[in-house]
Each structure stands twice: as C-alpha cells, then as structure tokens.
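Be aware that the sequence shown starts at 16, since it is given in the numbering used here, and climbs by one per residue. In this text, a Cβ means the ideal position worked out from N, Cα and C, and glycines have one as well. Contents: one structure, followed by commentary.
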Amino acid sequence: MIENLNLATTQICERFRGYLPVVVDVETAGFDPQKNALLEIGAYFIDLDENGVFRVGDSLHFNVKPFEGAEINSNSVQFIGIDPFDPLREAGDEADVIKEFSKAVSKKVKEKKCTRAIMVAHNAHFDHSFIMNAVNRCNYKRCPFHPFSSIDTASLAMVLLGHTVLSKACEIAGIEYDTTRAHGALYDAGVTAELFCKMLNSYGEMLIALQTKGTDSE
16 MIENLNLATT
26 QICERFRGYL
36 PVVVDVETAG
46 FDPQKNALLE
56 IGAYFIDLDE
66 NGVFRVGDSL
76 HFNVKPFEGA
86 EINSNSVQFI
96 GIDPFDPLRE
106 AGDEADVIKE
116 FSKAVSKKVK
126 EKKCTRAIMV
136 AHNAHFDHSF
146 IMNAVNRCNY
156 KRCPFHPFSS
166 IDTASLAMVL
176 LGHTVLSKAC
186 EIAGIEYDTT
196 RAHGALYDAG
206 VTAELFCKML
216 NSYGEMLIAL
226 QTKGTDSE
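This is the structure:
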C-alpha cells in the first residue's frame, strides 16, 4: 500500500519533490544533439487545480535558427517539413531563444513556489539532450531544468496504457491526435501534455480506489 503520496494536495510544488513539470517537444535537423541544429521548441506548463486535477496550462513556442556550423540532415528536415532558412519562420538566434525560454520557465517555477523545473517529453532523453546541448553551447548558466532527470511519457504510457507510440497512446487514452499537425513542436507538446495529465489523473484515481478498498477491508 502506498501511504506517503499526498494525493489530496492542490499545490503542484508539493507533488513532484518541489519540481515543476514542463512538457517540451523539439524539432531538429537530425538526431545528434551536438552536431544537428535545434529548430523549434514547444512547451506547456502543467497546472494542478483546486480539486487536485492536473490540467494543461500556458504554452511557449520558439523557432530557432541553426547554430553556426550546425549540420542539417536533409532527410530529417524533409520529414518534419521545416526549411531551417525560411525567413518566414521568424526564427531567433539559439542563444536568445534559450535565454528567453529559460527565463519564462524560471518565472513560472517561482510563481508556483517550486525549486526548479523538470522536463516532461515523449522519449524524453531526445528532447532533454537537445535542450541541454543548446544550453551548453550558449554557456547559459541559469537553466531552470534539472540537468539529467526527466519524465518520459513514452515509458509511462507503456506501463499504464500498454503502448509507447504517441499517436497510439493518445488513441487508447481517448485523446484526439491529428496526424496532419504532427511534427510541429507546439502541437506535439500539447498532445503530450494532455496525455501526461490523463495518465496522472487516472493513476491518482486508481490509488485512491486502492486506499479506499484497503480502509474498507480493515
């Protein structure tokens, strides 16, 4: 029986060891976070309402210029449908984007009375590695995210829903997934945030039911 998890809290700072979960998705020009360009960042904050229900909160979105010397994998950018050098993207320099993104996350961390942020993503190692490599390239010292810990919704979906593919996990969870909008960082971050909240809320309901059953049997 799980006894120490406070499911009654309505303060998100009390739920994840003081960390604020921020759902992130990145689009990139390849798979190597040291060599390939970071092209787009989408993020959603997670809120906990007065009833203890997790909900999708505010969003952030940035288009990013390839850093100097970045390698562009033509197959990757064709797959995601991004022209890294299209002026209509209105992309910002990587250093400026990382600074603005980090400041926005830090502000929300402070607002929610948390100690720092923890990245939530589908196959989180990928997104986390690209963000942290960009942070290191820019020599930015105030990154709000935990330097190595993250929450992987693919792993959570495997355990709770029996599937790791985002579109399939959403289908099982009853969340609409539009394949025509996939591989846009803000869209993918949004559906991942919905999935994360759905799994957290379902898990909480399950634990409450188990605790109630245990109390009734005493």
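In this structure, DSSP gives Phe-141 a helical state, which the three-state scheme calls helix.
For Val-92, the number of other beta carbons within 10 angstroms of its own is at least 16, and it is reported as buried.
Under the three-state reduction of DSSP, Ala-44 is assigned to coil, being neither helix nor strand.
Taking the Cβ atoms as the reference, Tyr-59 lies roughly 6 angstroms from Gly-205, within the contact range of under 8 angstroms. DSSP, reduced to helix, strand and coil, places Tyr-218 within a helical segment of the structure shown.
Residue environment: Asn-138 is assigned as exposed (fewer than 16 neighbouring CB atoms within 10 Å of its CB, all protein chains considered). Fewer than three pairs of CB atoms, one per stretch, sit closer than 8 angstroms, so the segment 29-36 makes no contact with the segment 78-96. Boundaries of the beta strand (DSSP E) around Glu-55: 53-63.
The beta carbon of Gln-49 lies closer than 8 angstroms to those of Asn-148 in the same chain, with the five residues before and after it left out.
In the structure shown, Asn-66 falls within a coil segment according to DSSP collapsed to helix, strand and coil. Counting C-beta atoms within 10 angstroms of its own C-beta, Asp-193 has fewer than 16 neighbours from the protein chains shown and is therefore classed as exposed.
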